[in-house]
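J.: All you need for this note's numbering is the position in the sequence shown, starting with 1, plus 108.
My questions will all concern the structure given below.
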Amino acid sequence: MGLERVRKSLESDMQLKLQQSGLFYRIFSREKSKESAERKIDNKNYKITGKKITDIIGLRIMLYFADDVDAVRGYLKRKFFQVEEVYDKPEKDVFGPVRLNILFKIPEDLEKEFKAIMKLEFCEYSDIIESCFEVQIRTILSEGWHEIEHDLRYKRINDWAGHDDISRLLNGVYATLTTSEWSMIEMFNKLSYLYYKEKKWESMLWHKFRLRFNSNKLSTELSELFDNDNEFAKKVYRLEREEAIKVFLDLGVSLPFNINNFIYILNEKLNLSDSLSIHVPVLIKEKLNSP
Numbered sequence: 109m110g111l112e113r114v115r116k117s118l119e120s121d122m123q124l125k126l127q128q129s130g131l132f133y134r135i136f137s138r139e140k141s142k143e144s145a146e147r148k149i150d151n152k153n154y155k156i157t158g159k160k161i162t163d164i165i166g167l168r169i170m171l172y173f174a175d176d177v178d179a180v181r182g183y184l185k186r187k188f189f190q191v192e193e194v195y196d197k198p199e200k201d202v203f204g205p206v207r208l209n210i211l212f213k214i215p216e217d218l219e220k221e222f223k224a225i226m227k228l229e230f231c232e233y234s235d236i237i238e239s240c241f242e243v244q245i246r247t248i249l250s251e252g253w254h255e256i257e258h259d260l261r262y263k264r265i266n267d268w269a270g271h272d273d274i275s276r277l278l279n280g281v282y283a284t285l286t287t288s289e290w291s292m293i294e295m296f297n298k299l300s301y302l303y304y305k306e307k308k309w310e311s312m313l314w315h316k317f318r319l320r321f322n323s324n325k326l327s328t329e330l331s332e333l334f335d336n337d338n339e340f341a342k343k344v345y346r347l348e349r350e351e352a353i354k355v356f357l358d359l360g361v362s363l364p365f366n367i368n369n370f371i372y373i374l375n376e377k378l379n380l381s382d383s384l385s386i387h388v389p390v391l392i393k394e395k396l397n398s399p
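This is how it looks when you write it as structure tokens:
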């Protein structure tokens, strides 16, 4: 139960922040058992090579949209101390599987407990286990491909020897999924532009930002501001989605994530409209300005 508690603490912390930022996501986590760690130590000769196990705790974040990956990656690197990153940055002319695996130090508030658990439960292996956890970031579509590839190619790599043509076909499936992901984003961007031109602000905001708003009904006050202040409407429409998401990932307070609060908070953080600032609810101003 000890290591499970540390793992659940890390997962719940990330889950809370992802929820507060409105991202569409799934998150899973696991901790290695002593038996699993023993097998890995024996199979990869950790005792001989001096290498250490760095993924005794692992988390996987799956995001609905490809353009969320860098936003979440950036947040985690601001939040935790990074030890190592394996990132196969996509090449312009080559399609292939992309890994994004990041090792972080166990946070200070959990490190003492983590080390005590290692000594108690993993005994003679505790000095081979690093005080780290691994985070893998994927998109929902790529996750399915990675699961199939891991179980049916990576684990049976000898079966694929001499069959490079078939291996390329499997990579081609990944290429198709990657193209589909970006095509889907372009579809939503086109919808948001059409609604922007039609002054249908709720629909524009929904498809522009693609976030899980608790309520997507604009207040009369905000609707009128969008209708009457073309410059404000243009600023919101042209706002980079990743910049908006960063505001909420880095937000140190918890507020209901509805479409009105979304606009109020962005206005306070990014100064979109002086005329709106005086109408931002006092509670939001107080929470944003609290130490």
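Where a beta carbon is used, it is the ideal one built from N, C-alpha and C, also for glycine.
Ignore the nearest five residues each way along the sequence and tell me which others in Glu193's own chain have a CB closer than 6 Å to its CB.
T.: Within the same chain, Glu193 has close Cβ partners Ile210.
J.: Is it buried or exposed, Glu139, if we count other Cβ atoms within 10 angstroms and call 16 or more buried?
T.: With 16 or more other Cβ atoms within 10 Å, it is buried.
J.: Going by CA-CA distance only, name the one from Arg346, Phe370, Met295, Pro364 that's closest to Val355.
T.: Cα-wise, what sits closest to Val355 is Phe370.
J.: Quick one: give me the first and last residue of the beta strand (DSSP E) that Tyr133 is part of.
T.: Note, Tyr133: beta strand (DSSP E), 133–139.
J.: Which of helix, strand or coil does DSSP assign to Glu394?
T.: Helix at Glu394.
J.: List the DSSP bridge partners of Asn209.
T.: Per DSSP, Val194, Gln244.
J.: Between which two residues does the beta strand (DSSP E) holding Gly166 run?
T.: Start and end: 165–171.
J.: For Cys240, count neighbouring Cβ atoms within 10 angstroms of its own Cβ and tell me buried if that reaches 16, exposed if not.
T.: Label assigned to Cys240: buried.
J.: Write down every uninterrupted run of the alpha helix (DSSP H) in the stretch 310–355 whose length is 4 residues or greater and which is fully enclosed by it, in chain order.
T.: Qualifying alpha helix (DSSP H) stretches, in chain order: 328–336, 338–346.
J.: Can you tell which of Leu359, Leu333, Ile149, Ile169 has the C-alpha that lies nearest to the C-alpha of Ile236?
T.: Considering only alpha carbons, the answer is Ile149.
J.: If we count the other Cβ atoms within 10 Å of its Cβ and call it buried at 16 or more, is Ala91 buried or exposed?
T.: Nothing can be reported for residue 91: it is not among the residues displayed for the chain, which extend from 109 to 399.
J.: Can you check which of these residues, Tyr282, His271, Glu289, Leu218, is closest to Leu171 by C-alpha distance?
T.: Closest by alpha carbon: Glu289.
J.: Where does Ile237 sit, in a helix, a strand or coil, going by DSSP?
T.: Ile237 falls in the strand class under three-state DSSP.
J.: Taking just the CA atoms, how far does Tyr262 sit from Ile373?
T.: Each residue's alpha carbon lies about 46 Å from the other.
J.: In this structure, does DSSP put Ile373 in helix, strand or coil?
T.: The answer is helix: DSSP assigns Ile373 an H, G or I state.
J.: Looking at the structure shown, is Ile256 part of a helix, part of a strand, or coil, going by DSSP?
T.: If DSSP states are grouped into helix, strand and coil, Ile256 belongs with the helices.
J.: Quick one: what's got a C-beta closer than 6 Å to Ser327's C-beta in the same chain, skipping five residues either side?
T.: Closer than 6 Å at Cβ, skipping near neighbours: Asn368.
J.: In this structure, what does DSSP give as the bridge partners for Ile161?
T.: For Ile161, which the question treats as bridged, DSSP gives the partners Ile237.
J.: In the DSSP assignment, find the unbroken alpha helix (DSSP H) run with Val388 in it and report its ends.
T.: No alpha helix (DSSP H) holds Val388; DSSP gives it neither H nor E.
J.: What would DSSP say about Glu306, mapped onto helix, strand or coil?
T.: DSSP places Glu306 in coil when its eight states are reduced to three.
J.: Which residue comes first and which comes last in the alpha helix (DSSP H) that contains Ile225?
T.: Unbroken alpha helix (DSSP H) run through Ile225: 216–229.
J.: Considering only residues of the same chain and omitting the five flanking positions on each side of Trp253, which have a CB-CB separation below 8 Å?
T.: If we look at Trp253 and ignore the five residues flanking it on each side, its Cβ neighbours are Pro205, Val281, Tyr282, Leu285.
J.: The alpha helix (DSSP H) with Ser448 in it runs from where to where?
T.: Because the chain spans 109 through 399 in this model, residue 448 falls outside it and cannot be assessed.
J.: Using the C-alpha atoms, what's the distance from Ser311 back to Lys325?
T.: Cα to Cα, Lys325 sits roughly 10 Å from Ser311.
J.: Considering Cα atoms alone, identify which of Ser323, Phe365, Asn297, Arg320 is closest to Tyr345.
T.: Answer by Cα proximity: Asn297.
J.: With a threshold of 6 Å on Cβ separation, who are the neighbours of Lys187 within its own chain once the five nearest residues in sequence on each side are excluded?
T.: None.
J.: Given a cut-off of 8 Å on the beta-carbon distance, is the pair Lys142 and Glu221 in contact?
T.: Their beta carbons are not under 8 Å apart, which means Lys142 does not touch Glu221 by this criterion.
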